[in-house]
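Enquirer: Residue numbers (UniProt numbering): 1 to 112. Just passing along the structure, written as structure tokens.
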């Protein structure tokens, strides 16, 4: 798994590539904590993620709670249908805004 952190128009962007499972979730969590420090808006690009385990869902929930506590928003980009199904079944899907493209995510957060 690879995690890249960027800032686009003052918005933290976390790009993840590979599977997020019990082995890789700690690395994802560490990178996410670093990326969201001091941020009120976060985009997580999951377009290159094929599998997300419960450990990965836990990290997404941690990010959501931290950003929500600052009255911010989290947008997920490129979430596969399988991952959306899992998120829907667990109720996690209700916590996030989900879009298809990074540009849509930036526009969504800029609108407020």
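Glycine included, each C-beta is placed from N, C-alpha and C at the ideal position.
Among 6, 22, 23 and 99, which residue has its Cα nearest to the Cα of residue 15?
Expert: Mapped onto the chain shown, residue 15 falls at position 15. It is 6 whose Cα lies nearest to the Cα of residue 15.
Enquirer: Please report the distance separating the alpha-carbon of residue 34 from that of residue 95.
Expert: Along the chain shown, read from residue 1 onward, the residue named residue 34 stands at position 34. Along the chain shown, read from residue 1 onward, the residue named residue 95 stands at position 95. Cα to Cα, residue 34 sits roughly 21 Å from residue 95.
Enquirer: According to DSSP, simplified to helix, strand and coil, what is residue 111?
Expert: Working through the chain shown from its first residue, we reach residue 111 at position 111. Three-state result, residue 111: helix.
Enquirer: Round the Cβ separation of residue 46 and residue 78 to the nearest angstrom and send it over; I've been treating them as touching at under 8 Å.
Expert: Taking the chain shown and counting its residues from 1, one reaches residue 46 at position 46. Taking the chain shown and counting its residues from 1, one reaches residue 78 at position 78. The Cβ separation is near 6 Å, so the contact holds.
Enquirer: Taking the runs of the alpha helix (DSSP H) that are 4 residues or longer, which of them lie wholly in the UniProt domain "STAS" (1-109)?
Expert: 25-36, 54-68 and 81-90, all fully within the UniProt domain "STAS" (1-109).
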